[in-house]
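Participant:
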Amino acid sequence: MPAPVTTILSAIDIGSSAIRMDIAEVRPDGSIHLLDSLKKGVQLGKDAFTQGWLSEESIRAACAALRDFKKVMDSYGVARYRAVATSAVRESTNSDTFLDRVLMSTGLDVEVIDGPEENRLTYIAVLESLRGMPELENAQALLVEIGGGSTDVTLLRAGEPLQSGTFPLGSIRLREAMNHASRTHEQQIRLLKRQIGNLLTNIKRSIPMKDASCYIAVGGEVRFVGKVLPGTARDGAPCVVSRDAFAEFADSVARLTVEALVQKYSLSYLDAETLTPALLAVLQLLKETQSPNVIISGASIRAGMLQDLAPEEKGKRRKQLTKQILSAARSLGRKYQYDENHAERVRELAEVLFDELKAEHGLDETDRLYLQVAALLHDIGLFINPRSHHKHSYYLVSTSDLFGLRRRELEIIANVARYHRRALPQRGHTAYMSLDRDERVVVSKLAAILRVANTLDKGQLQKATDLKLSREGDQLVLVAQNVSDLTMERVALAGRCDLFNEVFGKKLTLREAAKTA
Amino acid sequence: MRVAAIDLGSNSFHMLVVEVLGPSSFEIVVQDKMMIQLGKGALVTGRLDAKAMDTGLRCLDEFRRMALARRVERTLAVATSAIREAENGEEFLRRAREESGIAVRVISGREEARLIHLAVGRREDLGTEKALLVDIGGGSVELTIGDASQIYYSASAKLGFLRLQGRFASSDPLSKRDVRIISAFVRDSLRSPFAHIEKFLPRRVIGTSGSVTTLLRLAQQRRGQVEKSSVKSAQVSREEIRGILADLLKLPSIERAARFDLDPLRAEYLPTALLCLDAILGGSGATMLTVCPVALREGLIYDFLARTKPLPLAPRRDGDLRLRAVIDLAGRCDYPIDHSHQVARIAGQIFRQTKEMHGLDENEERLLEYASILHDIGYHIGYSKHHKHAYYLVMNCDLRGFSPEERAILAHLVRYHRRSTPRNSHASFAALSPWGRKVVKALAAILRIADGLDRSHFSEVEEIRCARSRKRFRFQVITGNTSPDVQVDLWAAQKHARYFEKLFGVEAVFSARKPARRKTGEPGSPQGRG
Chain A
0 MPAPVTTILS
10 AIDIGSSAIR
20 MDIAEVRPDG
30 SIHLLDSLKK
40 GVQLGKDAFT
50 QGWLSEESIR
60 AACAALRDFK
70 KVMDSYGVAR
80 YRAVATSAVR
90 ESTNSDTFLD
100 RVLMSTGLDV
110 EVIDGPEENR
120 LTYIAVLESL
130 RGMPELENAQ
140 ALLVEIGGGS
150 TDVTLLRAGE
160 PLQSGTFPLG
170 SIRLREAMNH
180 ASRTHEQQIR
190 LLKRQIGNLL
200 TNIKRSIPMK
210 DASCYIAVGG
220 EVRFVGKVLP
230 GTARDGAPCV
240 VSRDAFAEFA
250 DSVARLTVEA
260 LVQKYSLSYL
270 DAETLTPALL
280 AVLQLLKETQ
290 SPNVIISGAS
300 IRAGMLQDLA
310 PEEKGKRRKQ
320 LTKQILSAAR
330 SLGRKYQYDE
340 NHAERVRELA
350 EVLFDELKAE
360 HGLDETDRLY
370 LQVAALLHDI
380 GLFINPRSHH
390 KHSYYLVSTS
400 DLFGLRRREL
410 EIIANVARYH
420 RRALPQRGHT
430 AYMSLDRDER
440 VVVSKLAAIL
450 RVANTLDKGQ
460 LQKATDLKLS
470 REGDQLVLVA
480 QNVSDLTMER
490 VALAGRCDLF
500 NEVFGKKLTL
510 REAAKTA
Chain B
0 MRVAAIDLGS
10 NSFHMLVVEV
20 LGPSSFEIVV
30 QDKMMIQLGK
40 GALVTGRLDA
50 KAMDTGLRCL
60 DEFRRMALAR
70 RVERTLAVAT
80 SAIREAENGE
90 EFLRRAREES
100 GIAVRVISGR
110 EEARLIHLAV
120 GRREDLGTEK
130 ALLVDIGGGS
140 VELTIGDASQ
150 IYYSASAKLG
160 FLRLQGRFAS
170 SDPLSKRDVR
180 IISAFVRDSL
190 RSPFAHIEKF
200 LPRRVIGTSG
210 SVTTLLRLAQ
220 QRRGQVEKSS
230 VKSAQVSREE
240 IRGILADLLK
250 LPSIERAARF
260 DLDPLRAEYL
270 PTALLCLDAI
280 LGGSGATMLT
290 VCPVALREGL
300 IYDFLARTKP
310 LPLAPRRDGD
320 LRLRAVIDLA
330 GRCDYPIDHS
340 HQVARIAGQI
350 FRQTKEMHGL
360 DENEERLLEY
370 ASILHDIGYH
380 IGYSKHHKHA
390 YYLVMNCDLR
400 GFSPEERAIL
410 AHLVRYHRRS
420 TPRNSHASFA
430 ALSPWGRKVV
440 KALAAILRIA
450 DGLDRSHFSE
460 VEEIRCARSR
470 KRFRFQVITG
480 NTSPDVQVDL
490 WAAQKHARYF
500 EKLFGVEAVF
510 SARKPARRKT
520 GEPGSPQGRG
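In the order they appear, the protein sequences are chains A and B.
Using numbering that gives the first Met the number 0, the first residue of the first sequence is number 0, and each one after it goes up by one.
Using numbering that gives the first Met the number 0, the first residue of the second sequence is number 0, and each one after it goes up by one.
(1) Using a C-beta cutoff of 8 angstroms, does F457 of chain B count as contacting chain A?
(2) Under the assumption that A81 of chain B contacts G38 of chain B (Cβ atoms under 8 angstroms), give the Cβ distance between them as a whole number of angstroms.
(3) Give me the Cα-Cα distance between V345 of chain A and G126 of chain B, rounded to the nearest whole angstrom.
(4) Run through DSSP, which three-state label would P160 of chain A get?
(5) Helix, strand or coil for E72 of chain B? Go by DSSP, reduced to three states.
(6) What residue does the beta strand (DSSP E) around R512 of chain B start on, and which one ends it?
(7) Can you check whether the CB of P385 of chain A is closer than 8 angstroms to the CB of I115 of chain B?
(8) Taking C66 of chain B as the reference, give the member of B:E98, B:V2, B:V342 and B:I35 with the closest Cα.
(9) Which residues of chain B have a Cβ atom closer than 9 angstroms to the Cβ of I202 of chain A, listed in chain order?
(10) Touch check for the segment 143-153 of chain B and the segment 329-337 of chain B: three-plus C-beta pairs under 8 angstroms?
(11) Along the chain, which unbroken stretches of the beta strand (DSSP E) at least 3 residues long are found entirely within the segment 6-64 of chain B?
(12) Give a yes or no on contact between the segment 373-386 of chain B and the segment 356-364 of chain B, applying the rule of three or more CB pairs nearer than 8 angstroms.
(13) Keeping to the same chain, check which residues put their C-beta closer than 7 angstroms to that of E98 of chain B; ignore five residues upstream and five downstream.
(14) What residue range does the alpha helix (DSSP H) around V293 of chain B cover?
(15) What does N395 of chain B touch in chain A if you count any residue whose Cβ is under 7 angstroms from its own?
(16) Does S283 of chain B come out as helix, strand or coil in the three-state DSSP assignment?
(17) Between L392 of chain B and chain A, is the shortest Cβ-Cβ distance under 8 angstroms, so that the two count as touching?
(18) Can you confirm whether K457 of chain A, when its beta carbon is compared against all beta carbons of chain B, has any partner nearer than 8 angstroms?
(19) Can you list, in chain order, the residues of its chain with a C-beta nearer than 8 angstroms to that of L269 of chain A? Leave out the 5 residues immediately preceding and following it.
(20) For Q480 of chain A, which of helix, strand or coil comes out of DSSP?
(21) Taking only beta-carbon atoms, is P424 of chain A less than 8 angstroms away from chain B?
(22) In angstroms, rounded to a whole number, what distance separates the CA positions of L320 of chain B and H13 of chain B?
(23) In its own chain, which residues sit with a C-beta less than 8 angstroms from the C-beta of G106 of chain A, not counting the 5 before and 5 after it?
(24) Throw me the rounded Cβ distance for the I206 of chain A and V152 of chain A pair, which I believe falls under 8 angstroms.
(25) Mind checking P115 of chain A: buried by the 16 CB within 10 Å criterion, or exposed?
(26) For G427 of chain A, write down the residues that DSSP places opposite it in a beta bridge.
(27) What are the residues that DSSP puts in a beta bridge with K467 of chain A?
(28) Note the first and the last residue of the continuous alpha helix (DSSP H) segment covering M72 of chain A.
(29) Does the Cβ of L312 of chain B have 16 or more other Cβ atoms within 10 Å, making it buried, or fewer, making it exposed?
(30) Could you tell me the boundaries of the alpha helix (DSSP H) in which D270 of chain A lies?
(31) Residues in the same chain with beta-carbon distance under 6 angstroms from I11 of chain A, minus the five sequence neighbours each way, listed in chain order, please.
(32) Just verifying my parser: in three-state terms, what is the DSSP assignment at K505 of chain A?
(33) Starting from the beta carbon of L395 of chain A, find every residue of chain B whose beta carbon is closer than 7 angstroms, and list them in chain order.
(34) Given this structure, state the Cα-to-Cα distance separating N197 of chain A from Y214 of chain A, to the nearest angstrom.
(35) Compute the beta-carbon to beta-carbon distance between E159 of chain A and S326 of chain A, rounded to the nearest angstrom, for a pair I have assumed lies under 8 angstroms.
(36) Would P167 of chain A pass as an interface residue toward chain B - the criterion being a Cβ-Cβ separation below 8 angstroms?
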């Protein structure tokens, strides 16, 4: 029997107001083609944002929908899938039970993803859909996705993410907050605008958007605008709406009550309820930028998930992502006024050590990335206080949003940064012990390298060229070119080799390269 | 302007680079140290050995380069006992000047004492009570009697730990005999200075230098304190010192270093330093030691600042000093200036009109003002949980002029300005003293209302007038806002007053009013028309 020429993938997204699934095929040339798209309305968000947990009714509805989706997946012969749940499930206290019920009744393994991961997937999808658009090439662009529970904002420069964050500004949340019968529609709208404004002040502080000259909006409500406004695009292709046209449309929608919207545009009640809050939020954010129009991207996080699942793309994207993650790390460092030169040198030294010691540590590319980020950010704690700055570095890294890295990964990196000086990882340290065993081992190995790399950026080694590592029995010898006496550096190194010795079972010594005649 | 202070001590060479912020305040940019231990041989033999000198000179060169990279404009470098007393000290200084371009000044013990006293005075409230300042160095120990305004007595004793250990240590760890001999020698040497010190009846003993700050860390570890903040945290009792000494002396230095997480070079000499410290405490009859985390290098900077701009010796608990520190911190975190100061203003008005309910005073009013300025600094780190970030920043950043308890109160105030309210199930809140808890609750209640009122609900609150009638507490908001949504905003402000209502057992009622017509040139001052 001939081997299948195409792979069928599916991506499932359990959101605040609906569960959606895309099924696509990956052709041999790597291109991805959508085969089917399904949607079932399930009001998880209503439960989550009002009472904080998912009701029995919602859970049953979700399981029923997913069972149907599974049947469709089987009929297409889906080889690989990914199912994720976003803010509604994430913020419910009974999310674990929910995931378990889904697994038991459908066999589907659902993963709850955090803000940064949502951002990353959206970003991949949007980039893909905007490929070739000149607007992205040069200036700063703001990518906004208004979800039911949260909003993801990413600032891009020349297509690369500079900064990103997830904020609790969501259309369902906004809707819930203003549902008070005692007010007129006009009053409700004014209150809504006021509330959006308040939330915006804080978003602006986290993400400096006033210089963005390009504005890309993603999400169901925005897509609706694209469909309804005359003269705009076909399916999938991004459409461009001028700022004025968008503002006019948003205001006209705001003037109508929910019932009127249902009538006029044949929307479901649920969709009509979130339309005004979402559009007003998109509009107010737009006004904070320089962009003369709104680029409406049809891309959804499912498109991003499909891209992610497609094997051929993975390697290429990994490289791209690494570059972007490092760029995001540098932005974070600059925010805390770090010593850029020192950070880069420590990163380079750490990379050299990591690569040379592959046989001893057996870690992979992902771990290498963690080391790079930890090396760049190990001293940001100095912003808070030089005293115990390693602990402050831990705090800042573990609580920051770094594009492309998940919470768990940031926790690992934060631990590596923490251990770049002073105490070694030990049982009494809660943050370290809350990692699982494998993660703790990774932290110890990377921290051992970082401690040494940090110490090596001193004295003459700062201008030493070509640091080479050679093995002599039980010793690892670092040979530096173009240096004279390294006594002082050796003294400094002696104080920091403790973890290295323990983890790698080897002694580390410095040697000046023999001078050639 | 950036200034570097370099201290070439007998034990270590330290460099401190600071950014000058004001006539008596600065922010640390970077610090570095190297344990060159010039005094190790020199204090015994009288000469600096060649190897140590070379290493020391290279360290100076490294410092010079670091200073250059940090755009330092002035470098202040001083050398103390080891170099001062060595035969070839001059040679070292000459080479330092030639090879690294740093002009090092040799200072006397007396000058050392003066500078340390200056630094301590800027950090601790010395007041009018005389305190005994003790600085334990590698070569010498400086003993100074001073208060906020002057020094009354100072003596330099050749009892530095490098010196003592060099002379008397026969084994590692020190033998019981070594301990006895060192203690006896120290007591003897202190007889004469203490005869003078007694006369001043110092009320407390304040210790400075690396050995003392290490002591504090060990004491905190021993107490099981991690990041707590009680008033006693900067103090160590004599009993604890003895306990720690006993623990340290059980192990040889290498194991000691591992077990207590000490720098191996520090680990070797710490017991001797503590023996000396213990004897000093004994001689002064004190049972507690206050640890002040400053040293000669901070003194150098303060001295430099004072010389370039004349200043009284001790600004003391000046509102200015603390306000300056608070605004400096807020500025570094890019705080929302208008909003924060507006909140401070509104909070102050509410504070003054609710005095009979909270019973707090001037000092607490200041704390409320500072908390208002700082309440949104957490946004610099992140959006969600910014109140917790603010807590972390206030607890950990350099904030001058506050006692540990005041700092803890400030931190809790910013943490409780939104979301959850103060409760005993929060461990750090429960760890405050009863007074601290009372202050936090009352001030947080006020801060929440003040913040709520400025949350672009009322963009131009001019004044808040409060009036109480039995169970009702009326907040009359006088605002320039002429929007018809005022009623809607009042309802929103009500939400923020819930904690206030609960705490003081009243019902809060909000109303709004436009300012009364003003006479030309006079700020709004209503003519009694409600």
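The C-beta atom is built at its ideal place from N, Cα and C for all residues, glycine as well.
What you are looking at is a predicted structure, and each value in this text was computed from that prediction instead of being measured.
Facilitator: Walking through what the data contain:
(1) Position 458 of the second sequence holds residue 457 of chain B. No answer about F457 of chain B holds up, because its pLDDT of 49 lies below 50 and its placement is not dependable.
(2) Sequence index remark: in the second sequence, residue 81 of chain B carries index 82 (1-based). Sequence index remark: in the second sequence, residue 38 of chain B carries index 39 (1-based). A81 of chain B to G38 of chain B, Cβ: 4 angstroms. Contact.
(3) One-based indexing of the first sequence puts residue 345 of chain A at position 346. One-based indexing of the second sequence puts residue 126 of chain B at position 127. C-alpha separation (whole angstroms): 46 angstroms.
(4) Here residue 160 of chain A is taken as the residue at index 161 of the first sequence, counted from 1. Strand.
(5) Here residue 72 of chain B corresponds to residue number 73 of the second sequence, with the count starting at 1. E72 of chain B: coil per DSSP, three-state reduction.
(6) Counted from its first residue, the second sequence places residue 512 of chain B at position 513. Run containing R512 of chain B: E506 to R512, per the beta strand (DSSP E) assignment.
(7) Position 116 of the second sequence holds residue 115 of chain B. Position 386 of the first sequence holds residue 385 of chain A. For I115 of chain B and P385 of chain A, no; Cβs fall outside 8 angstroms.
(8) Along the second sequence, one-based indexing puts residue 66 of chain B at 67. Checking the displayed sequence, the identity of residue 66 of chain B turns out to be Ala instead of Cys. Checking every option, the nearest Cα to that of A66 of chain B belongs to B:V2.
(9) Translated into positions along the first sequence, residue 202 of chain A becomes position 203. Y382, listed in chain order.
(10) No, because fewer than three Cβ pairs between the segment 143-153 of chain B and the segment 329-337 of chain B fall closer than 8 angstroms, the two stretches do not touch.
(11) With a minimum length of 3 residues, the unbroken runs of beta strand (DSSP E) contained wholly in the segment 6-64 of chain B fall at 12-21 and 24-33.
(12) Fewer than three Cβ pairs drawn from the segment 373-386 of chain B and the segment 356-364 of chain B lie within less than 8 angstroms of each other, which leaves the two stretches out of contact.
(13) Residue 98 of chain B sits at position 99 when you count from the first residue of the second sequence. L56 and D60, listed in sequence order.
(14) Here the question's residue 293 of chain B lines up with position 294 in the second sequence. Note, V293 of chain B: premise wrong, no alpha helix (DSSP H); not H, not E.
(15) What you label residue 395 of chain B is simply residue 396 of the second sequence in a count that begins at 1. Result: I383, N384 and H391.
(16) As a working note, residue 283 of chain B is residue 284 in the second sequence. Of the three classes helix, strand and coil, the one that applies to S283 of chain B here is helix, per DSSP.
(17) As a position in the second sequence, residue 392 of chain B is number 393, starting the count at 1. Yes - at least one Cβ of chain A is within 8 angstroms of the one on L392 of chain B.
(18) One-based indexing of the first sequence puts residue 457 of chain A at position 458. Chain B contact via Cβ: present.
(19) Against the first sequence, residue 269 of chain A aligns to sequence position 270. Excluding residues within five positions, the ones whose Cβ falls inside 8 angstroms are S16, G40 and Q42.
(20) Within the first sequence, the letter at position 481 stands for residue 480 of chain A. Strand.
(21) Against the first sequence, residue 424 of chain A aligns to sequence position 425. No, its Cβ sits nowhere closer than 8 angstroms to a Cβ of chain B.
(22) Numbered from its first residue, the second sequence carries residue 320 of chain B at position 321. Numbered from its first residue, the second sequence carries residue 13 of chain B at position 14. If you take the alpha carbons of L320 of chain B and H13 of chain B, they lie about 27 angstroms apart.
(23) Counted from its first residue, the first sequence places residue 106 of chain A at position 107. Contacts found: K69.
(24) One-based indexing of the first sequence puts residue 206 of chain A at position 207. One-based indexing of the first sequence puts residue 152 of chain A at position 153. About 5 angstroms; that satisfies the 8 angstroms criterion.
(25) Counting from 1 along the first sequence, the entry for residue 115 of chain A is found at position 116. When all chains shown are included, P115 of chain A counts as buried.
(26) Here residue 427 of chain A refers to the residue found at position 428 of the first sequence. The partner list for G427 of chain A (beta bridge, DSSP) is empty, contrary to what the question assumes.
(27) As a working mapping, residue 467 of chain A is identified with position 468 in the first sequence. According to the DSSP secondary-structure assignment, K467 of chain A is paired through a beta bridge with A:V478.
(28) To locate residue 72 of chain A, count along the first sequence from 1; it is residue 73. Looking at the DSSP string, the run of the alpha helix (DSSP H) that includes M72 of chain A is E55 to Y75.
(29) Your numbering for residue 312 of chain B matches position 313 in the second sequence. Because the pLDDT at L312 of chain B is just 36, under 50, the model does not fix this residue reliably, and the point stays unresolved.
(30) The residue given as residue 270 of chain A occupies position 271 in the first sequence. From DSSP, the alpha helix (DSSP H) with D270 of chain A extends over Y268 to K286.
(31) For this step, residue 11 of chain A is matched to residue 12 along the first sequence. Cβ within range, chain order: M20 and A82.
(32) As a working note, residue 505 of chain A is residue 506 in the first sequence. The answer is coil: DSSP assigns K505 of chain A none of H, G, I, E or B.
(33) Locating residue 395 of chain A in the first sequence gives position 396, counting from the first residue. Correct list: I380.
(34) Along the first sequence, read from residue 1 onward, the residue named residue 197 of chain A stands at position 198. Along the first sequence, read from residue 1 onward, the residue named residue 214 of chain A stands at position 215. Cα-Cα distance, rounded: 21 angstroms.
(35) Mapped onto the first sequence, residue 159 of chain A falls at position 160. Mapped onto the first sequence, residue 326 of chain A falls at position 327. Yes, E159 of chain A and S326 of chain A are in contact; Cβ-Cβ is about 6 angstroms, under 8 angstroms.
(36) Here residue 167 of chain A refers to the residue found at position 168 when the first sequence is read from its first residue. At least one chain B Cβ lies under 8 angstroms of P167 of chain A.
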